[in-house]
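Visitor: Sharing a structure, written as structure tokens. Questions coming.
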Amino acid sequence: MNTPQRLAVIGALIFSGHALAAQGTLYKDPNCGCCTAWAEHLQGKGITLQVEPSRELASVRSRFGVPSDMGACHTARIGGYTFEGHVPADLVQKVLHDKPKNLVGLAVPGMPPGSPGMEGMGKVAYKVYAFDKAGKRFVYAER
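Going letter by letter, the sequence shown gives residues -21 to -1, 1 to 122 in mature numbering (1 follows the signal peptide of the UniProt record, and there is no 0).
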């Protein structure tokens, strides 16, 4: 692909709301299928995750600063941020693009039906929380 074509593709990705490629690590129970579905959701948006099976997810969450009451079934580290649970890819991309300085990450506690990776089980409204280095948290988005 020549340079003008490559720039056109990059421009199309930015215009369509897709972030450029990002990589990270997903810590998940080796037997969890919804975690794999979430990783595929992110991959469809240009975010590739290396999977690290773990049966010690509580210690993984603690190591990466996830508040204990915000736990879900998997934890990802992407671009220096922590993403706990079924966080939608567009919000992961927003954090990676905006690079908020005090933000540790985003969390979707539990496993809400209809969230990315949990499709096919109905749909409920859920909140995506942000948490920062000072231990504060707030609603980042509602879906």
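The beta-carbon is built from N, C-alpha and C at its ideal position, and this holds for glycine as well.
Tell me which residue opens and which closes the beta strand (DSSP E) that ASP69 is part of.
Guide: No beta strand (DSSP E) holds ASP69; the alpha helix (DSSP H) holding it covers 68 to 77.
Visitor: Quick check: what's the CA-CA separation for LEU21 versus ALA37?
Guide: Approximately 23 Å, taken between the alpha carbons.
Visitor: Are the stretch 4 to 12 and the stretch 65 to 84 in contact at 8 Å, needing three or more beta carbon pairs?
Guide: The stretch 4 to 12 vs the stretch 65 to 84: no contact.
Visitor: Pick helix, strand or coil for VAL30, following the three-state DSSP scheme.
Guide: Three-state DSSP puts VAL30 in a strand.
Visitor: In whole angstroms, what separates the C-alpha of GLU121 from that of VAL71?
Guide: Looking at the two C-alpha atoms, the distance is approximately 14 Å.
Visitor: How would you write the range of the beta strand (DSSP E) that ARG56 sits in, first residue to last?
Guide: Counting along the chain, the beta strand (DSSP E) containing ARG56 begins and ends at 53 to 57.
Visitor: In the structure shown, what three-state DSSP assignment does ALA104 receive?
Guide: Three-state DSSP puts ALA104 in coil, outside helix and strand.
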